[in-house]
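Peer 1:
Given below as structure tokens:
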């Protein structure tokens, strides 16, 4: 089981909201209305860990180890939302999300294959780590800069935990066919998420369609007070450009290379590997 070790390692580096956030260093002259509003949108987005956790528990009922780890992931993700809300409560109380605004992002996600979902969230954590690093650079107020730096580190640790569960899935596949199918699931999502520079849509779990009965309003982002804020935040505010997208892609490909025991220098190389896996499964 991975959960006991992951719990111990994350407990050892867990930050304290009262002691590790330099609240006394707040400088209101360095916080613009534009910046403050994006904090509200991020706070609501992070609240969506609630329906994501419900999805994970439902779709992984046969994996108690992973579901137990969700207790750690869920706690830390909701803590991200809480620290952003606390920041607004202290310094911009008029922007604190209402309970109704938070509850709107709690809707049911359609069932999906567990391995594809695991890979999607692994990539999502890598992307969010890079988004928050850019947000820390963009913000000028010192307290919120520190908060984004701290939560970015959490997201990186979450990605590492998901990667360990992906590695475990390959070892516990049972049959050669099962392992091939798991590799294919990871590769298929990996190609998509490492090729985000080719898409107009921000490829993060909160920006993907997850409930066909609610379509097209079935993304977490579509349920926010300003559904189009994410693209503006990325393109015009934190300026998450091709260079930063390249860093995300490189990180995904590096980890996929280690996971698969192959060398993927580009999304095209990973896609060729995916196609080869598909052929092997068909002929098996």
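In the numbering used here, the protein residues as written are 19 to 302.
Backbone N, C-alpha and C define an ideal beta-carbon position, used for all residues, glycine too.
Computed from a predicted structure; not experimentally measured.
Can you grab the Cα-Cα spacing for the pair residue 168 / residue 94, in whole Å?
Peer 2: Here the question's residue 168 lines up with position 150 in the chain shown. Here the question's residue 94 lines up with position 76 in the chain shown. Computed Cα separation, rounded: 11 Å.
Peer 1: Taking the C-alpha atoms as reference points, what is the distance between residue 99 and residue 159?
Peer 2: Here the question's residue 99 lines up with position 81 in the chain shown. Here the question's residue 159 lines up with position 141 in the chain shown. Each residue's alpha carbon lies about 18 Å from the other.
Peer 1: Assuming residue 199 and residue 299 form a contact by the criterion Cβ under 8 Å, report the distance between their Cβ atoms to the nearest whole angstrom.
Peer 2: Your numbering for residue 199 matches position 181 in the chain shown. Your numbering for residue 299 matches position 281 in the chain shown. Right, the Cβ-Cβ distance comes to about 7 Å (below 8 Å), so this counts as a contact.
Peer 1: Mark residue 41 as exposed unless 16 or more other C-beta atoms lie within 10 angstroms of its C-beta, in which case mark it buried.
Peer 2: Stepping through the chain shown from its first residue, residue 41 is reached at position 23. Its Cβ having fewer than 16 others within 10 Å, residue 41 is exposed.
Peer 1: Tell me which residues share the same chain as residue 157 and place their Cβ nearer than 7 Å to its Cβ, disregarding the 5 neighbours each side in the sequence.
Peer 2: Locating residue 157 in the chain shown gives position 139, counting from the first residue. 53, 163 and 166, listed in sequence order.
Peer 1: For residue 25, name the three-state secondary structure that DSSP assigns.
Peer 2: Within the chain shown, residue 25 is the residue found at index 7, counting from 1. If DSSP states are grouped into helix, strand and coil, residue 25 belongs with the helices.
Peer 1: So what does DSSP say about residue 178, is it helix, strand or coil?
Peer 2: Translated into the one-based positions of the chain shown, residue 178 becomes position 160. It is helical.
Peer 1: Closest to residue 296 by C-alpha separation, out of 256, 251, 205 and 240, would be which residue?
Peer 2: As a position in the chain shown, residue 296 is number 278, starting the count at 1. The option with the nearest alpha carbon to residue 296 is 205.
Peer 1: In whole angstroms, what is the alpha-carbon distance linking residue 28 and residue 175?
Peer 2: As a first step, residue 28 must be located in the chain shown, where it is residue number 10. As a first step, residue 175 must be located in the chain shown, where it is residue number 157. Taking the straight line from one Cα to the other gives about 8 Å.
Peer 1: Straight-line CA distance for residue 134 to residue 45?
Peer 2: To locate residue 134, count along the chain shown from 1; it is residue 116. To locate residue 45, count along the chain shown from 1; it is residue 27. So the alpha carbons of these two residues sit roughly 43 Å apart.
Peer 1: At which residue ranges does the stretch 23–102 contain complete alpha helix (DSSP H) runs of 4 or more residues, listed in the order of the chain?
Peer 2: DSSP runs (the alpha helix (DSSP H)) wholly in the stretch 23–102: 51–65 and 67–77.
Peer 1: Could you give the residue range of the alpha helix (DSSP H) that holds residue 228?
Peer 2: One-based indexing of the chain shown puts residue 228 at position 210. First-last for residue 228: undefined, no H or E at that position.
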